[in-house]
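Residue numbers (our numbering): 8 to 883.
Everything on this sheet refers to the single structure shown next.
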Amino acid sequence: MIRTTGYIQIDRLHALNDNWRKDVRCYVATFVLWRCRIAMVIASIITSTMGMAEVSIFDGYNPISYSLPPWRDRPVTEVAAGMFDSDMEGVTGMSPKRVEADAATIRVYNLSTATAEDLAEITEAGLDSQRLMDNKDSFCLKAHGGRLYAVGADDRGTAYALLEVSRLAGVSPWVWWNDATPIRRTHMTLPDDYADYQSPAVEYRGIFLNDEDWSLQPWSWRTFDTSQPPGTIGVRTYKEIFKLLLRLRANTLWPAMHESTIPFYFVDGAKEAADSFGIVIGTSHCEPLLRNNVGEWTDSVRGPYNYVTNRQGVLGYWGERLKEAGRYENLYTIGMRGKHDGRMAGVKTMAERVGALRDVIDDQRTLLKRYVGKDITAIPQVVVLYKEVLDVMNEGLTVPDDVTLMWCDDNYGHLTCLSDSSRRKRAGGAGIYYHLSYWGRPHDYLWIGGTQPGLVYNEMKTAYEGGARRAWIVNIHDPKTSSYQLELFMDMAWNVGSVVSAGVEAHLGSWLTREFGSEAGAELTPVMREFYRLCAVRRPEHTGWTQVELSDRKAYPRGRSHVVDTEFSFSEFGSEADRYLEAWTALAEKVKTIEAKVPAERRDDYFAQVKYPVIASGLMARKMLEAQRGRSYAMGQSGASLWERDTLMLGAVARSQWAYQELRRLTAAYNDSLAGGKWRHILSMSPRDLPVFNPPVLPVGLTGDEVEAWLSDAPGSVESDGQGYMALDAVTFTDASFTPQPVAMLGHSGMAVPVPKGECVSYDIDWAADGDALLLTALIPTQPVDGGDVRVAVSIEQGEPQVVSIKEKGRSDGWKENVLRNQARVRTIHNLTPGRHTITIRALDNHIILDQLMLDTRQDRKFYTIPTHQYNFEPM
Numbered sequence: 008m009i010r011t012t013g014y015i016q017i018d019r020l021h022a023l024n025d026n027w028r029k030d031v032r033c034y035v036a037t038f039v040l041w042r043c044r045i046a047m048v049i050a051s052i053i054t055s056t057m058g059m060a061e062v063s064i065f066d067g068y069n070p071i072s073y074s075l076p077p078w079r080d081r082p083v084t085e086v087a088a089g090m091f092d093s094d095m096e097g098v099t100g101m102s103p104k105r106v107e108a109d110a111a112t113i114r115v116y117n118l119s120t121a122t123a124e125d126l127a128e129i130t131e132a133g134l135d136s137q138r139l140m141d142n143k144d145s146f147c148l149k150a151h152g153g154r155l156y157a158v159g160a161d162d163r164g165t166a167y168a169l170l171e172v173s174r175l176a177g178v179s180p181w182v183w184w185n186d187a188t189p190i191r192r193t194h195m196t197l198p199d200d201y202a203d204y205q206s207p208a209v210e211y212r213g214i215f216l217n218d219e220d221w222s223l224q225p226w227s228w229r230t231f232d233t234s235q236p237p238g239t240i241g242v243r244t245y246k247e248i249f250k251l252l253l254r255l256r257a258n259t260l261w262p263a264m265h266e267s268t269i270p271f272y273f274v275d276g277a278k279e280a281a282d283s284f285g286i287v288i289g290t291s292h293c294e295p296l297l298r299n300n301v302g303e304w305t306d307s308v309r310g311p312y313n314y315v316t317n318r319q320g321v322l323g324y325w326g327e328r329l330k331e332a333g334r335y336e337n338l339y340t341i342g343m344r345g346k347h348d349g350r351m352a353g354v355k356t357m358a359e360r361v362g363a364l365r366d367v368i369d370d371q372r373t374l375l376k377r378y379v380g381k382d383i384t385a386i387p388q389v390v391v392l393y394k395e396v397l398d399v400m401n402e403g404l405t406v407p408d409d410v411t412l413m414w415c416d417d418n419y420g421h422l423t424c425l426s427d428s429s430r431r432k433r434a435g436g437a438g439i440y441y442h443l444s445y446w447g448r449p450h451d452y453l454w455i456g457g458t459q460p461g462l463v464y465n466e467m468k469t470a471y472e473g474g475a476r477r478a479w480i481v482n483i484h485d486p487k488t489s490s491y492q493l494e495l496f497m498d499m500a501w502n503v504g505s506v507v508s509a510g511v512e513a514h515l516g517s518w519l520t521r522e523f524g525s526e527a528g529a530e531l532t533p534v535m536r537e538f539y540r541l542c543a544v545r546r547p548e549h550t551g552w553t554q555v556e557l558s559d560r561k562a563y564p565r566g567r568s569h570v571v572d573t574e575f576s577f578s579e580f581g582s583e584a585d586r587y588l589e590a591w592t593a594l595a596e597k598v599k600t601i602e603a604k605v606p607a608e609r610r611d612d613y614f615a616q617v618k619y620p621v622i623a624s625g626l627m628a629r630k631m632l633e634a635q636r637g638r639s640y641a642m643g644q645s646g647a648s649l650w651e652r653d654t655l656m657l658g659a660v661a662r663s664q665w666a667y668q669e670l671r672r673l674t675a676a677y678n679d680s681l682a683g684g685k686w687r688h689i690l691s692m693s694p695r696d697l698p699v700f701n702p703p704v705l706p707v708g709l710t711g712d713e714v715e716a717w718l719s720d721a722p723g724s725v726e727s728d729g730q731g732y733m734a735l736d737a738v739t740f741t742d743a744s745f746t747p748q749p750v751a752m753l754g755h756s757g758m759a760v761p762v763p764k765g766e767c768v769s770y771d772i773d774w775a776a777d778g779d780a781l782l783l784t785a786l787i788p789t790q791p792v793d794g795g796d797v798r799v800a801v802s803i804e805q806g807e808p809q810v811v812s813i814k815e816k817g818r819s820d821g822w823k824e825n826v827l828r829n830q831a832r833v834r835t836i837h838n839l840t841p842g843r844h845t846i847t848i849r850a851l852d853n854h855i856i857l858d859q860l861m862l863d864t865r866q867d868r869k870f871y872t873i874p875t876h877q878y879n880f881e882p883m
């Protein structure tokens with residue numbers, strides 16, 4: 008018998024002998040009118056035969072049966088039941104039956120509506136109802152007496168409980184958004200002692216639909232909901248988003264708000280739909296009190312969006328929305344920024360900003376008391392400490408104790424601040440606004456979901472340990488692009504301890520197995536681990552070495568720089584560029600091979616989540632690097648003869664052109680063929696039409712036939728001196744003053760090492776050279792979450808420790824370089840003699856994460872990515 012403890016047993020094998028089968032037929036013939044007793048006898052025989060008791064959820068012959076509690080105010084349980092019906096029909100081929108509780112195999116209860124009789128039955132089943140009542144949104148699945156009890160603390164908790172049964176049956180949360188078609192099952196059972204209590208680690212868990220112009224929004228009105236006016240994300244789309252949030256055990260949405268998009272509150276039925284799905288609506292850092300300024304404020308009608316000069320106009324504007332939406336469940340953003348993503352108007356000095364924001368918050372809370380509830384402390388409010396608002400807070404702005412302080416990352420996934428010991432005592436607690444996609448300086452990343460899972464894991468673990476547990480909101484432009492990272496984020500918001508105890512690599516492996524089957528999942532884990540490592544070396548969007556929003560508009564039209572040569576070397580140590588391209592090529596081949604092992608029902612899912620991002624990222628790298636190689640040969644920047652240069656140049660040009668055309672073809676397949684055209688217009692291979700996405704910049708152009716003729720030409724080999732050089736991944740430490748917990752899928756090494764403040768790691772090396780050597784220490788480009796510094800002390804043997812810092816003010820040139828490289832590097836010089844040496848790195852501040860080390864006698868050697876040794880290490 009196949010039995011997986013803690014999960015529904017799938018495709019159970021019946022190892023029953025002929026005598027058992029004869030006994031069953033005998034019982035059926037004798038007691039044909041006593042069906043209930045027959046079922047009990049058969050269950051008894053199964054138990055005695057197999058040596059254990061089980062709850063049969065689906066026997067392969069009869070539809071799943073379940074009962075449903077009444078709902079009072081919001082039909083979220085009914086909505087979840089409709090999703091469950093569809094799920095189970097996909098899994099079993101039969102529509103489930105809703106029956107009375109006495110006849111149901113799955114009994115669903117909502118403690119907020121439970122009768123005394125319900126509570127008595129729940130208690131008799133051994134379920135601790137008080138444990139649920141103490142935690143909002145919590146639920147429990149409990150097997151007892153041949154039935155499964157699905158009990159929620161409230162409406163949302165009950166919906167989560169029912170959808171958890173779908174998860175156990177193998178239904179992916181991405182069943183609709185990634186076309187993860189359910190795999191058919193013949194049997195589903197649970198052990199009779201199965202019990203699973205779940206409650207959220209973070210109270211408000213959700214997404215901010217942002218930068219939607221090139222994906223979600225055009226797909227919604229052009230493909231999915233074509234009856235809507237241009238620019239509309241229709242209610243049909245929002246309903247599918249709400250379903251996904253329920254499946255991810257999330258509960259909050261900040262709606263799309265760009266100027267090109269129809270505001271959420273102007274979409275008929277959108278707010279009512281959110282309420283019916285149990286979704287809390289909030290708004291972003293620049294949209295106070297549920298107002299979308301760029302879509303709802305018109306200067307010609309209301310005057311300037313300026314609290315200082317137009318106070319009554321602004322207050323009336325906020326009050327209108329509160330009168331309209333205050334009766335729903337909302338999360339209210341308070342404070343004020345500019346009309347869009349800019350500074351507050353009407354103030355110049357820091358003192359004016361502090362005073363004006365203080366007055367704004369006082370007036371906003373007066374409005375909330377007037378339109379939402381008398382007890383202002385019971386109304387959930389957040390102040391988002393984004394960009395200059397954090398500076399204002401640090402300069403003396405006091406925020407009421409019941410308001411949640413929402414800290415932010417630096418737009419590239421690195422936390423910038425957390426509550427200190429005194430702020431952790433605040434009744435409103437703290438939250439996090441995080442990014443998985445971004446539009447802005449130094450450069451967007453809106454195309455490929457390349458954020459390293461290890462970064463998400465480490466930063467959100469740090470946030471939780473730092474007391475940010477009230478609200479987690481993550482910025483995405485559509486749910487498909489970063490599906491895995493989004494689910495990782497939500498899983499941590501729901502149960503951070505479970506993810507931390509398993510580790511991020513195990514979490515990824517489980518996700519891949521669930522999505523693509525055990526055989527494919529096992530092979531894909533190292534593939535995706537390497538994919539995220541290569542994206543850390545350079546995101547596909549950043550391979551043009553370009554920037555956006557540059558201030559010199561004369562030199563850079565529209566503030567955008569032109570594509571230039573990358574910093575990858577084509578000459579030293581076997582060529583960084585060639586190693587990078589070879590790694591992408593190897594990944595693409597593995598992805599194509601593994602595809603045959605993916606169930607047919609999941610091939611579209613596989614294309615969207617694995618095949619496209621891996622192959623497209625490699626094609627972008629080849630487009631850029633081969634174009635650079637071709638330009639180099641054309642300019643005579645090599646020792647080759649003229650004839651050799653021409654030959655090598657044309658081969659490089661052909662490969663670059665081929666990569667660009669393949670990228671176009673692959674993207675067209677995503678939009679036109681995936682799921683029969685369901686996702687047409689969801690993916691752009693040139694979001695915002697930035698220069699990096701343009702055709703390659705080449706010294707000559709080739710026709711299609713010429714490209715084919717030159718593709719077989721391989722790049723020339725390069726020599727390596729290999730003298731006076733040593734590189735290490737941080738994870739290869741020899742000793743440590745603490746027990747390191749390396750983080751998989753983080754950094755250029757793919758296995759970075761967090762070092763707590765005051766602790767150190769050491770590396771023993773054998774060195775052959777004599778004299779001064781440069782030690783390059785590479786770290787994850789973190790920020791000082793405690794308002795201090797980010798320093799390490801570097802020493803070799805008894806040498807005086809050299810203190811260096813990676814702290815960079817946001818938007819400085821140093822910060823831009825660090826986040827584009829996904830690595831911050833500090834330099835120290837050490838005088839060494841031949842022999843054995845010990846390098847020691849000590850963390851002097853919090854938020855230190857080591858990635859790589861490089862020791863080199865040549866202080867002018869330029870590497871973009873540090874080539875390091877291979878290692879075999881089991882991640883923590």
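Built from N, CA and C at the ideal position, the CB exists for glycine as well.
| task | On a CA-only basis, which of F870, P747, G778 and H569 is nearest A850? Give me that one, please. | result | When F870, P747, G778 and H569 are compared, the shortest CA-CA separation from A850 is found for P747.
| task | With a threshold of 16 other CB atoms inside 10 Å of the CB of L718, please say whether the residue is buried or exposed. | result | exposed
| query | Mind checking whether P703 and A634 have CB atoms under 8 Å apart? | reply | yes
| task | Please confirm if the segment 600-620 is in contact with the segment 669-687, defined as three or more CB-CB distances below 8 Å between the two stretches. | result | yes
| query | For I439, which residues of its own chain have a beta-carbon under 8 Å away from its beta-carbon, when the five flanking residues on both sides are left out? | reply | M413, W414, C415, D416, L422, M467, A470, A475, A478, W479 and I480
| said: Does the contact criterion of 3 or more C-beta pairs under 8 Å hold for the segment 314-326 versus the segment 279-294? | reply: no
| said: Per the DSSP calculation, M861 is bridged to which residue(s)? | reply: Residue pairing from DSSP places M861 in a beta bridge opposite A734 and L783.
| query | Which residue spans inside the segment 736-772 form an unbroken beta strand (DSSP E) run of at least 3? | reply | Counting only unbroken stretches of 3 or more residues, the beta strand (DSSP E) elements lying wholly within the segment 736-772 are 758-762, in sequence order.
| message | Ignoring anything shorter than 3 residues, give me the beta strand (DSSP E) runs that lie fully in the segment 461-516, in order along the chain. | response | 475-483
| query | Since H837 sits in a beta bridge, which residues does DSSP pair it with? | reply | Looking at the DSSP assignment, H837 forms a beta bridge with A780.
| message | Give me the residue from L782, W518, K764 and Q809 with the minimum Cα distance to V797. | response | K764
| message | Can you tell me whether Y871 is helix, strand or coil according to DSSP? | response | coil
| field | Pairwise C-alpha distance: I836 and I803 | value | 10 Å
| request: Look at the alpha carbon of A812 and the alpha carbon of V738, and state the distance between them as a whole number of angstroms. | output: The question names Ala, yet the displayed sequence has Ser at residue 812. In a straight line, the C-alpha of S812 is about 21 Å away from that of V738.
| message | If I follow the unbroken beta strand (DSSP E) through M195, where does it start and stop? | response | For M195, the enclosing beta strand (DSSP E) starts and ends at M195 to P198.
| Rounded separation between L781 and G731 - CA only | 10 Å
| task | Drop a sphere of 10 angstroms on the beta-carbon of D867, count the other beta-carbons inside from all chains shown, and report buried for 16 or more, exposed for fewer. | result | exposed
| message | Using a Cβ-based criterion (distance less than 7 Å to any ligand heavy atom), does K376 qualify as near the ligand MG? | response | This structure lacks the ligand MG, and indeed carries no ligand of any kind.
| query | At which residues does the beta strand (DSSP E) containing L216 begin and terminate? | reply | Y211 to L216
| Helix, strand or coil for C424 per DSSP? | DSSP places C424 outside both helix and strand once states are collapsed to three, so it counts as coil.
| said: I'd like to confirm the pairing. Which residues does DSSP put opposite A293 in its beta bridges? | reply: In the sequence on display, residue 293 carries Cys and not Ala. None; C293 has no bridge partner.
| query | Between the beta-carbon of T573 and the beta-carbon of M631, is there less than 8 Å? | reply | yes
| message | Would M264 and N299 be called neighbours here (beta carbons separated by less than 8 Å)? | response | yes
| message | Let me make sure I understand the geometry here. Which of E327, V396 and V354 has the alpha-carbon closest to that of L374? | response | The shortest C-alpha separation from L374 is found at E327.
| said: Let's test the definition: count the other Cβ atoms within 10 Å of the Cβ of E512 and tell me whether it reaches 16, buried, or not, exposed. | reply: Buried is the call here.
| request: Assign A623 to buried or exposed, taking buried as 16 or more other Cβ atoms, counted over all protein chains shown, within 10 Å of its Cβ. | output: buried
| said: Taking the straight line between their C-alpha atoms, what separation do you get for V598 and L519? | reply: Using only the alpha carbons, I get a separation of about 13 Å.
| One or two residues paired with I803 in a DSSP bridge | I803 is bridged to I846.
| request: Would you check if the distance between the CB atom of A3 and the CB atom of V242 is smaller than 8 Å? | output: One cannot answer for residue 3 here, as it falls past the ends of the chain, which runs 8 to 883.
| task | Could you please give the first and the last residue of the uninterrupted alpha helix (DSSP H) stretch that includes I248? | result | V242 to R254
| said: In whole angstroms, give me the CA-to-CA distance for Y464 and F496. | reply: 8 Å
| said: Please return the same chain residues whose Cβ sits closer than 6 Å to the Cβ of T239, not counting the five positions on each side in sequence. | reply: W228 and I269
| Considering S206, what are the terminal residues of the beta strand (DSSP E) in which it resides? | No beta strand (DSSP E) contains S206, which DSSP labels as neither H nor E.
| task | Can you give me the start and stop residues for the beta strand (DSSP E) that G794 sits inside? | result | Here G794 belongs to no beta strand (DSSP E), and DSSP marks it neither H nor E.
| field | E522 versus N185: straight-line alpha-carbon distance, rounded | value | Going by the C-alpha atoms only, they are around 10 Å apart.
| query | Which first and last residues belong to the beta strand (DSSP E) in which W325 is found? | reply | Element bounds for W325: not the beta strand (DSSP E) but the alpha helix (DSSP H), R318 to A332.
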